[in-house]
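Take the sequence shown: its position 105, counting from 1, is numbered 105 in UniProt numbering, and each next residue is one higher.
Only one structure is covered here, and it is reproduced in the block below.
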Amino acid sequence: MKTCSRAFRTSDWGRRFTFQQENDPKLTAKTTQEWLWDKSLNVLEWPSQSPDLNPIDHLWRDLKIAVQRHSSSNLAELERICREEWEKLPIDRCAKLVASNPRRLKAVLAAKCHSTKY
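Laid out in structure tokens, this is it:
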């Protein structure tokens, strides 16, 4: 949240964009909701038991796969590996994931909210 807070302090991003987050308990916690409200950030309402359509989850998967190629003996080493592998993720990967959102949403609707290839 600190990184986000700095970015939004000097911008109007929260008013120009809508945040998408699932019903993960840490995202729906009262303190998180109050922080978002205090910053006047738009948040997309997300139904419970909904399909996972958040593009960041694909990036987390990419990172997990990359990190698993290494072996770490302690937490500091694991953190270093995570940071290095995160920096190696292609920048255009995120843009492609976001651009695929309409296609993924259509697939979910066509499947009547059941499983899709995404």
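Cβ atoms here follow ideal geometry from the backbone N, Cα and C, with glycine treated the same way.
As the structure is a prediction and not an experimental result, all values here were calculated from the model.
Top-ranked residue by Cα proximity to residue i, from the options
i	options	result
F17	K117, V98, H114, L105	V98
R93	H70, D38, P55, T31	P55
L41	D57, H58, Q21	Q21
L63	A76, E87, K96, F19	E87
residue 119	A107, K106, I91	Absent from the structure is residue 119, since the part of the chain shown begins at 1 and ends at 118.
N- and C-terminal bounds of the alpha helix (DSSP H) containing residue i
i	result
P55	55 to 68
Q21	No alpha helix (DSSP H) holds Q21; DSSP gives it neither H nor E.
P102	101 to 110
E87	75 to 88
K30	30 to 38
Cβ-Cβ separation, residue j to residue i (assumed contact under 8 angstroms), whole Å
i	j	result
E79	V67	Actually they do not touch by this definition, with Cβ atoms about 10 angstroms apart.
R104	L53	6 angstroms
K39	T32	About 11 angstroms separates the two Cβ atoms, so there is no contact after all.
S72	I81	6 angstroms
Alpha carbon of residue i to alpha carbon of residue j, nearest angstrom
i	j	result
E34	D24	16 angstroms
L36	L44	12 angstroms
L109	S115	10 angstroms
W46	T28	10 angstroms
L89	A111	31 angstroms
S100	H70	30 angstroms
Opposing strand residues paired with residue i [DSSP bridges]
i	result
V98	DSSP, once it has assigned bridges, lists no residue as partnering V98.
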